[in-house]
Amino acid sequence: MSSKSSVWYSLLAVIAGLLLGAILFIPFNANPLESYRTMFGAAFFTLEGLGTTFTRATPLIFIGLGTVVAWKSGFFYLGFQGSLYIGAVGATLVALSARSGHLLAGAPAVIVFASSLFVSFLFGGAWALIVAGLKIRFGGNVVLLSLMFNYVAIYFVNYLVTRPLRAVGSLPQTERFPEKAILPRLLGERNDLHLGFIVALVAVGAVLYIMRFTKKGYEFVALGLNERASIYAGINAGRVMLQAAFLSGGLGALAGWSQVLGVQYRLLDGLDQVTGFEGIVTALLGGLNALGVVVASILYGGLANGAQVMQRRTDIPSSVALMIQGIIVLLVLTGPQVQQRVAAWRSRHIARTESTGDIGS
Amino acid sequence: MNNVLTIAFFETWLAASVRLAGPVLAVSIGETVCQRAGVLNIGIEGVMLGSALTTFAVTYSFGSPLLGLLAGIVCGLVLGLFLAAMYVTAGLNQVVVGVVFNALMIATASYTYRALYGNSPVIQSVTGFDQIEIPWLTNIPIVGPALFGQSPLLYLTLLFVGMTSYLLFRTTAGLTIRGVGEHPRAADSAGISVPKVRYLGVLTSSAFAGFGGGYLMLTAVNSYRDGITAGKGFIALAIVIFGAWNPYRVAVAAMIFGAADALQLSLQAAGVSVIPQFLFALPYVLTIVAVSGVLGRRFQPAALLAPYSRK
Amino acid sequence: MVANDGVSLLVVPASIHAVVGENGAGKSTLMNVLYGMTVPDEGEILVDDEPCRFRGPQDAIKRRIGMVHQDFLVVPRFTVVETITLGLRAGVGTRSLFRTDFVGASKQIRDISERFGLEVDPNATVSSLSVGEQQRVEIVKLLFRDADVLILDEPTGVLTPQEAEVFFAVLKLLKQGGKSVLVITHKLNEVLDHTDEVTVMRAGRDVMHVMTAETTPQELAQAMVGERPFVSFQREQSATRETVLKVCKIDLTDERGVQRLRSVSLNIGAGEILGIAGVDGNGQSELAEVIAGTLLPNSGEVLIGNHSLNGLSVARRRRLGMAYIPADRRAVGSINELSISLNTVLGRIFNYVGNLGFIRRRLMRVHSEELITKYEIRAPSSEFIAGNLSGGNLQKLILGRELMESPLVIVFEQPTRGLDIRATDFVRQTILNQRSRGASILLISADLDEVLMLSDRIAVMFDGEIVGEMKNENLDTRKIGLLMAGVRQ
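Residue numbers (our numbering), protein chains in the order written: chain F, 20 to 380; chain V, 20 to 330; chain L, 1007 to 1495.
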């Protein structure tokens, strides 16, 4: 399917999804138009709402980017939930070490910031490397392995917040992080938007650059498209896959980084709200490329945010957001199939008309 | 420590293990058949969730847990039809479809519950199946309550374990299923319709996921809330792998996972503080070892995850 | 292209009938029709004087015609009895929908085994069997379904000499049992020793049919190869050359344990074309891959100049001046989904990397446009998707890319397969131009004409070995045909 028609198709899918979504409002005696207006209004047309939308989108962008890098390279990683948790751990360790009396107590905020980024990324990258290594060395199944590792990560965090890193008190969480570890708010205290969003945008630029303009990006894409041809051309399949795994795991980890340092300010049992699978679905909606991920993440972030606001004001559950997104993605996925059927129908139709016009040839 | 090494502790722990293992085992059985046919149905998590809700709704409305359970199975079949169409007819990537489907189901279930029952904080509760208590046998020390004091659904599930094993290894149908999962081309050339068998595989796993969802609903909790399945569908996947795609071993694997699950409860009840997370993570770590290929890929159906087309 | 042109074949009971021919002679197509995989455009199949229409292999087996392919269709994890009974419905032994009567089936298998000398243990796991034993399982599978006509495709290709002996004993017993066996082969020795009749196919026609006892290897080889006018492109004689590519005693066994290359050695000098003649599947593609670096040999060495390639990655070998044009241009030689421009750099992206790992896209585009012009590739722009190029244009793209840096050693594998006349001429002229430039060229082609046309020297491969090497002057093509068919002088 050509890329131009696929963009059109995605647009069509979004519209169709929103239309179908309108049906969802009916059981709640709500006017679909009004409801959408509330949703989109709250999500995109107030400064506060926009801030929350972008904040909600931030971890999705990171995970979406990770998905793009991994899946385009043929590395079917589903472990972003785990990367997120592990990245959160990394950020937490750095943040906690910025408390007085600890390693980074005297360091300026910039250093803390940079270290948290670095450590988080490293943790997530290493985490994904384990899965990649098992695949390359032993032929393990990436899908199943990454799913299993998600649970290990969840329990690991659970362990940390109930034992070594636990704050005084009975709640499974760490202490609140010191101020200098926390990501500053960009639009004032009342607005959720924090620095993590900017970092996410920078990451988008970086991934875009890598995938389109560097030799490594070329190797990722080539490997994902045709492993055999790539090997024959001299690309070291194993090494390239490890690199893709490290990069994607690191990106996924930053989702956790942004959540704990930008939203929660502590490590909790069960990181709020975000799941790795939402991020993957967002990446699919964005057509598995960096720019699409941003658009899809903001769209979904807005939907989710708006739906939450709407739930507070009306009875409509916030889950409509994910439902709409799910429907859109399914439509997008079945796109090529539909196109094929239409093309086949067309060619048969044309053949028929041609043959009836041609007598005695 | 004194509380732990008592017979009472083991009794309750074992009983709880078996009890908790039941629903997940049911799901695993169906998925075993499906994977033996070469299809990895990740969507069982979503199916389980949807069926749990369906069972709840029907039981609540009609007051009959049996009807509710049947409704759950029907829900599983319907969803299974959709999934099968995606996997087999449309030939879409099984993993991608599964992931999207699960996400969609989480949202749909949450939405449907609110649509039916509103946002009220009061948790509606529902009568489930009573546990069976075989009078004499439950008095056997240690294993008594575990083996003989369980819900009838558990015994049904164990029956299914046996039936599935028989199906897979002692019937022609089972041979056909396994052939499709091991070498679809050979099966095709032997006259077997690979798509048809795969459809049946997906429908089986979804039907059992429906049964498992209803089972979970009616025994463990008796009331519905968001995320009631809490990843049990994925755990079922792990159990299938850990059980090397063999129904009896799958049952054992389910017990191990159930034991880990129950251990936490039992230890808490006994007032012991042990690091439970290591125990919880252990079954997953073991599964990782099983799936990493370190032990060789001896048991995995050879054509698992590979879409088949006659080229 | 006509694959089978008016081919007629008569198969009688209790006979072993060989069908021989080179690649592209039409043997496979004919067999596909016979066992139901392909529907013929014209003509009919008569079984016991009744016309039949086969819509699939199931129909053929109902009429008792079955085929054993080169890649077996047995299920490794199953036992013998399971893989044989897979797919069978009622009517065999005492079967119901549910229980499989393995006991009855095993007994039947044992009976068949005894009758035809096909020793198989019904309860053995298929993966534990040797290749020869697995082949026997395949044959039993057909006999289990009461096949009267068994088609065997290159059956001895995967067997050791000992296993081959057992195999021929089985053939005899099959014949005694009244079965008809159709053997597709290119090994004339085997034909002469073990068959009753031979049909020779060439260029889609059946050119000869004779009783084995009444013919000679020479006659058969001549029929296979035909009269070949000695055509060759203009070539200047090259002076004595230093050896550039040296292949020393390469041994290779594949994952099934079958030996694919046996102590293969050859030398190619600068400005020289060594053509490998031989029927597809005798080790040629393995040889190419060993040189390219995508297959590791069990022993032996490949050298370019003085550099040993042992242990060197594909990328390193390319940097040392190796180029490889693979047989499968769509699945291996290019990446369909990428543009011409991106395919141009496949394998040599390191030349386009600027500072900061930046790909110099403009340079890429310039080069790919030059390539399009120089090689007369029909495409609107360098952004055109490679998968949409015609075969000829795609091949030109691959050639242009591989030859861009004037490599020292070039391996061409089936370079003109599937190309039209114009593209074919272009490719052949390109090969000669490279020769003039001084490259050492290994030309692997199943098209004997092509090999004769272009090569300075010719080596014939059979069964993984180089069975003959000669200068390409005043050649007796029948001799080559004999060597290709495994007849030693």
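Heads up, the beta-carbon is just placed ideally off N, CA and C, and yes, glycines get one too.
Coarse secondary structure for residue i, derived from DSSP in three states
i	result
residue 1328/L	strand
residue 1208/L	strand
residue 1389/L	coil
residue 1455/L	helix
residue 1100/L	Note that residue 1100/L scores a pLDDT of 40, beneath 50, so its modelled location is shaky; the value from the coordinates is reported in the next line. Three-state result, residue 1100/L: coil.
residue 1081/L	coil
residue 231/F	helix
residue 283/V	helix
residue 285/F	coil
residue 1383/L	coil
residue 294/V	coil
residue 1116/L	helix
residue 1171/L	helix
residue 1490/L	helix
residue 1165/L	coil
residue 1359/L	strand
Residues sharing a beta bridge with residue i, DSSP
i	result
residue 1476/L	1464/L
residue 204/F	213/F
residue 1216/L	1204/L
residue 133/F	Residue 133/F pairs with nothing; no bridge assigned.
residue 1073/L	1157/L
residue 1252/L	1273/L, 1309/L
residue 1417/L	1330/L, 1448/L
residue 1121/L	Note: residue 1121/L sits in no beta bridge, so no partner.
Residue environment, residue i, which counts as buried when at least 16 other CB atoms sit within 10 Å
i	result
residue 1121/L	exposed
residue 1386/L	exposed
residue 368/F	exposed
residue 151/F	buried
residue 178/V	exposed
residue 27/F	exposed
residue 121/F	exposed
residue 1478/L	buried
residue 60/V	buried
Extent of the continuous beta strand (DSSP E) run through residue i
i	result
residue 1273/L	1265 to 1275
residue 1057/L	1056 to 1058
residue 1482/L	Neither: residue 1482/L is in no beta strand (DSSP E) and is coded neither H nor E.
residue 1278/L	1278 to 1283
residue 1025/L	1021 to 1026
residue 1053/L	1051 to 1053
Nearest-angstrom beta carbon gap, residue j and residue i [assumed within contact, 8 Å]
i	j	result
residue 284/F	residue 195/F	5 Å
residue 92/F	residue 259/F	7 Å
residue 87/V	residue 237/V	7 Å
residue 52/V	residue 196/V	7 Å
residue 248/V	residue 49/V	Not confirmed; about 15 Å, so no contact.
residue 105/V	residue 116/V	5 Å
residue 39/V	residue 281/V	5 Å
residue 131/F	residue 123/F	6 Å
Residue i - containing alpha helix (DSSP H), residue span
i	result
residue 1260/L	Where residue 1260/L is concerned, there is no enclosing alpha helix (DSSP H), given that its DSSP letter is neither H nor E.
residue 1375/L	1367 to 1380
residue 194/F	Neither: residue 194/F is in no alpha helix (DSSP H) and is coded neither H nor E.
residue 261/F	256 to 278
residue 176/F	161 to 181
residue 1226/L	1223 to 1231
residue 335/F	Run containing residue 335/F: none; DSSP gives neither H nor E here.
residue 18/F	The question about residue 18/F has no answer, for chain F in this structure spans 20 to 380.
residue 1422/L	It is not in any alpha helix (DSSP H) - residue 1422/L carries neither H nor E in the DSSP assignment.
residue 1188/L	Looking at the DSSP string, residue 1188/L is not in any alpha helix (DSSP H); the run it does join, the beta strand (DSSP E), is 1186 to 1191.
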